[in-house]
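Comments concern the structure below.
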Amino acid sequence: MGSAKLEAMKEYLGLEEKTTIFSLNPYCLYEIFRQIHKNCALKQTNDIFLKYSDLINFAICCDHLNKAFKKWSLTLYKELCIENTFLNTSICIEINFSNLHSHMYGLSNNEKKMFWINFKHHIMENEQLESLKVIYEPTRYWSDYLERFEDLIKSVHGKPKLSELSMNINGFSLEIVPQITHLEKLELNVRLDSRILVELCKLNPSLRRLTLRNSEIFGRLSDIVPHCTQLEYLSFVMKEVDASEYAALANLPQLKALILCGEHLEGSLVKLFSRFQEHQQIQSICIPETYVSNAEAIALASIGSVVSIKCCLRDKSFYSDLPLSGKLTNIYILGHPMQYNPDNPYYNEKEEDFLKVTYRAHRPLAVTRAYYQYWQTKDPKLLQLSFDEDYLHAHRLHCIGWYDANVLPATMQNSSEQFSVSIAGIVLNKKVSISDAELAVLASIPTLTTIRCSFVQIEQIIAVKLQQLDAITDTANRVDKIKTEFCNIYFVHSHESVTLVLEVFVQSILSYGCILAPLANLRNLKRLEIRGKIMSGSLVELFRALGALEKHTLQELETAFLDPEELEEVVKIQSLRILKSGFFCSRYISELANLEQLEELTLTVHPQGCLIELFGVLASKQPQVLKRLVIQNTKLTNQEVGHLAGIRSLESLQLGLPEVKYWEQPPKDTKNQAVVNYCQKCRLAPGSFAYENQTHQTDIRTLITADDEEPLDAQFNFLTQLYGTLTPTHLALLANLPNLEELKMYLNYNTQDAANLLNTIALQYPQKLRTLAFASQDLRLVSLFKDLQSFDCIVSHMKDIEYISQLRNLTDLQIDNPLGISLWQLLKELKVLENLQSLILDNSNLEFLELVEVTKLSWLKRLRLGLAKKQFIFMLIRLEDLEVLEITSTHYAAENESNFLYLFLIKCKNIKSISLYRFYDFLRKDYVNGTLNHIKLFRNPYEHPPFKLRGVWSDFKRFNHLNCYNNEFMELRRQDGSYQSSDESDED
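Position one of the sequence shown corresponds to residue 94 (the numbering used here), numbered consecutively onward.
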């Protein structure tokens, strides 16, 4: 049967493909929920579960709809007790007795009895239960509550996996001891006798977190101490009396964090803090809801093990007299007592007048190498100096809310006995304009690098930053930041230049150009990088301001797209030497030839066929200055290639793009929306009838990207999907480029046409080519380029592999192995390449014998490869000259995995960087801390730059989760390559 008939029959029988409910976006699902809810509400019954039975059945029919319903209306999700459907299987259960009471209130006695038996039975059957949360905030009297509550508690007795229990029961007491024995986390908001609590702690010796939110605890809380040997976190509400009774809590052997809510007799906490000084285990203490006396503050700051304190000083100026020593690195001084919120413990969002200021300690240069010097000399004075170095580098003093910007100059004068501090960062919570007096104060603080503010204040803050930087003569190695809810601005300073980075993460119709135009006046601005969701045309004013300067300084510009109006202004910036951008419309592209100093041009995407005039003008210019050209996502036409061959100044040419390295990409499991601007004429294939009859007109399209697709790639695909795909037949003309030393031809060009180009170059002057990237595996042909230094190719078989050994000048070799074949035969040929310094083996997980051949290349400095087994990594330690190591294969660390980083740091004296792209559960806090300490002691800081370590962070998210992280010794990067300084990590 023909395909047309088959499709017709499917349509007739109703078998044509239709959109399934699982492919609907959330907004469609929400509308379906709304309509079903509307229909259910018309039913004439008082039983809420019977009334909304259709909605309940629809929401619970699969996990996808269940999650969507919960996001649509969490209130209704709880009212309808949707979770009850999964009582016998869910690992987390939340039971709201108020909702249960409302439901059972309208039932008959027999119905109540049957409902409760089934409800309780489902929980008793659940052997996977890990977390139980019980809530009761009664609005009416319920005589059966106590009986139901005790039944519920008995139903979870002996649950082997139940590790978390939370009770929030308003106005009632806990009268029974739940027979639960595996709790690690316990949270109680209920009246309680200390004897009940002690029994609970006895039953649960593995308890690690205890939170008591009710001050009505009858008896002594400290009675739990003998039974809580594993307790790490304790939060409770103090009684409004003498707090000396809590002193015994300092005897908890594993206690790391203590939250003291409520009020106490001021001054009575000294005994507790003094006791902590003897035990040296506590790391964090927070006292948010009451004032702390000067004596208590001194005792608190004197605890040698404490890293972070948060409190409200009665004497607000006293913080400068605190004995800052030991491990104390974070001090939060609150403006006045505030109700503690565990989800947002340092801010009260209703208080927009709060101001957060971050201070940094001044670091004497004499101590920056103290660790290494101590290890060499064993001088105890240097050991103390090294501890001071760690402390001074990490020190942050955060003050919140007790002053405004007008008093900042006075606080700048405050200093401790050990060192002085300077203002490094400010968070402005006000969402209104800033007064001129406050702006003047901010501009007068030379050490202020980071300002977080509302977007409504950004124009004022930009003016402040420009005024401040204009008054500073030495800005080398300084990074300034302006952060808002819509965008971030980074000022990255080097010796005599500034890189300006604009990062926009909320797509908006706002014209950022008007706001950002003053940045054109930034002194020594040499490079501009634009990232994120910039709407087309929104930066016209910024580029116009740059072009209107009396003296142009901008040399580099990188952005995803330039629309015609923006490009019209960019071509007026005569100082530009490097440009990287995409173009969706051909208008003004030929004007790029007017940039007299343009040496490097990268076109990420462009309308097909639009470069003929540009290449023609560039070829006719004297002198020619363009040295490097990269054409990425659009194929050249024959006419464009013919004109390109006339740009005789080209030294480097790249056509196409290498494949994305999957191991560098963070995992994605959600679809994204990408808004793309396009020209209705330029998106069409050139020469087509539609193209000739269309005019230039910019339009907007919203794209839904695939789960594993980047939004920018989706935009490129949309812009080029109608273009011709044939490789131009005149590629061989490019052999006439007399200065060409670097040629890269990637997969989207026909390999035979590319081979013809190489043949022509080999016949004319093969000695000139130094770098070659070639999709084919014609190694006989490649071997003609005896002076080749860098070679990138695809390997799919071992035929003629011996020819690669003839490239004796090769320093960089990159092999892509898409079929995953054995590379042993290739690797054993490489030992004759004595100049080889970099070996990259992509899509290859090497076995033992292959790695044996790799280890024979003892002179390698850079190596990227995958490993068939994770223990093979120890074989690579034999490469003692190695500087950069990248592991691309996927591995999972065992619970007690050995830290192989030590061995590389010891044996490979020059190692600079190790990347573990897919090595999970390895970069844990203790491993990273241990590696950092090893570097401090054993690596000579005079000879080695900071060690770079990249990978998947396991049990921490921020640098301040580590012990004295110092980026002067080690730069820790995430798996996707993103990097934050230690300052930036601690700002939020």
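C-beta atoms are modelled at their ideal positions from N, C-alpha and C, and glycine is treated no differently.
Is the Cβ-Cβ distance between L61 and L696 less than 9 Å? With the chain covering only 94 through 1081, there is no way to say anything about residue 61.
Rounding to the nearest angstrom, what Cα-Cα distance links L874 and L903 in this structure? Counting only the Cα atoms, L903 lies some 15 Å from L874.
L942 classed as buried or exposed, judged by whether at least 16 other C-beta atoms fall within 10 angstroms: Per the 10 Å Cβ criterion, exposed.
Please classify A767: is it buried, with 16 or more other beta-carbons within 10 angstroms of its beta-carbon, or exposed? Buried: at least 16 other Cβ atoms inside 10 Å.
Since Q370 and S395 should fall inside the 8 Å C-beta cutoff, what is the C-beta to C-beta distance between them, to a whole number of angstroms? Rounded to the nearest angstrom, the Cβ distance from Q370 to S395 is 6 Å, consistent with a contact under 8 Å.
Would you mind stating whether T542 and K576 have Cβ atoms separated by less than 9 Å? For T542 and K576, no; Cβs fall outside 9 Å.
At the level of alpha carbons, what is the spacing between Q870 and K163? Cα to Cα, the separation comes out at about 54 Å.
Tell me whether W1046 sits in a helix, a strand or coil according to DSSP, three-state version. When secondary structure is reduced to three states using DSSP, W1046 falls in the strand class.
Pairwise C-alpha distance: N731 and P821: Distance between the alpha carbons of P821 and N731 is about 5 Å.
Note down the Cα distance separating I352 from I424, rounded to an integer number of angstroms. Distance between I352 and I424, taken at the CA atoms: about 15 Å.
Short of 6 Å in beta carbon distance, which residues of its chain neighbour I228, apart from the five on each side in sequence? Order them along the chain. Here the set comprises N189 and N261.
Quick check on this structure: which residue in I908, H194 and T791 has the alpha carbon closest to the alpha carbon of I894? Nearest of I908, H194 and T791 to I894, Cα basis: I908.
Look at the Cβ atom of E327, then the Cβ atom of L348, and state whether they are nearer than 9 Å. The sequence shown places Leu at residue 327, not Glu. Using a Cβ distance threshold of 9 Å, L327 and L348 count as a contacting pair.
Along the chain, where does the beta strand (DSSP E) that runs through N581 open and close? Its beta strand (DSSP E) spans residues C580 to H586.
Excluding the 5 residues flanking L826 on each side, which residues of the same chain have their C-beta closer than 7 Å to its C-beta? Answer for L826: V734, G735 and A738, listed in chain order.
With a Cβ-Cβ cutoff of 9 Å, do V633 and E596 count as a contact? For the 9 Å CB-CB criterion, V633 and E596 do not form a contact.
Quick check: V557 and I544, are their CB atoms within less than 9 Å of each other? Yes, Cβ-Cβ distance for V557 and I544 is below 9 Å.
Helix, strand or coil for V977, going by three-state DSSP, please let me know. Under the three-state reduction of DSSP, V977 is assigned to strand.
Please work out which residues of its chain come closer than 6 Å, Cβ to Cβ, to A350, disregarding the five sequence neighbours upstream and downstream, and give them in chain order. Around A350: Y326 and S377.
Residue from C133, H357, P346 and Q323 whose Cα sits closest to the Cα of D335: It is H357.
Segment contact, 8 Å Cβ cut-off, at least three pairs: the stretch 278-289 with the stretch 307-324: Enough Cβ pairs lie closer than 8 Å, so yes.
At 4 residues or longer, what runs of the alpha helix (DSSP H) sit wholly inside the stretch 123-174? Listed in chain order, the complete alpha helix (DSSP H) runs (minimum 4 residues) inside the stretch 123-174 are 141-144, 146-152, 156-165 and 167-172.
Quick check for students: name the residue ranges of the beta strand (DSSP E) that lie wholly in the stretch 932-989, counting only runs of 3 or more. Counting only runs of 3 or more, we get 955-960 and 977-985.
When DSSP builds the beta bridges, which residues end up paired with E835? According to DSSP, which records beta bridges pairwise, E835 is partnered with S745 and T864.
From which residue to which residue does the beta strand (DSSP E) around C321 run? No beta strand (DSSP E) holds C321; DSSP gives it neither H nor E.
Per DSSP, A564 is paired with what? In DSSP, A564 forms no bridge with anything.
For S631, count neighbouring Cβ atoms within 10 angstroms of its own Cβ and tell me buried if that reaches 16, exposed if not. Counting the other Cβ atoms within 10 Å of the Cβ of S631 gives 16 or more, which makes it buried.
Distance between L862 and S745 (C-alpha atoms, nearest Å): For S745 and L862, the distance between alpha carbons rounds to 10 Å.
Buried or exposed: which applies to S526, given that a residue is buried once 16 or more other Cβ atoms fall within 10 Å of its Cβ? By the neighbour-count rule (16 or more Cβ atoms within 10 Å), S526 is not buried but exposed.
Quick check on DSSP: helix, strand or coil for A653? It is a strand residue.
First and last residue of the uninterrupted beta strand (DSSP E) at A848: Element bounds for A848: not the beta strand (DSSP E) but the alpha helix (DSSP H), T844 to Q857.
Is the stretch 875-884 touching the stretch 774-789 in the sense that three or more CB pairs, one from each, lie closer than 8 Å? Segments in contact, no.
Measuring alpha carbon to alpha carbon, tell me which of A533, P539 and S528 ends up nearest G518. Its Cα nearest to that of G518, the residue P539 stands out among A533, P539 and S528.
Is there contact between the stretch 962-973 and the stretch 918-926, where contact requires at least three CB pairs shorter than 8 Å? The answer is no - the stretch 918-926 does not touch the stretch 962-973, with fewer than three Cβ pairs under 8 Å.
If we count Cβ pairs, one from each stretch, closer than 8 Å, do we get three or more for the stretch 990-999 versus the stretch 1013-1028? Yes, they touch.
Identify which residue in L932, L953 and M891 has its Cα closest to the Cα of S915. Taking only the C-alpha atoms, the option nearest S915 is M891.
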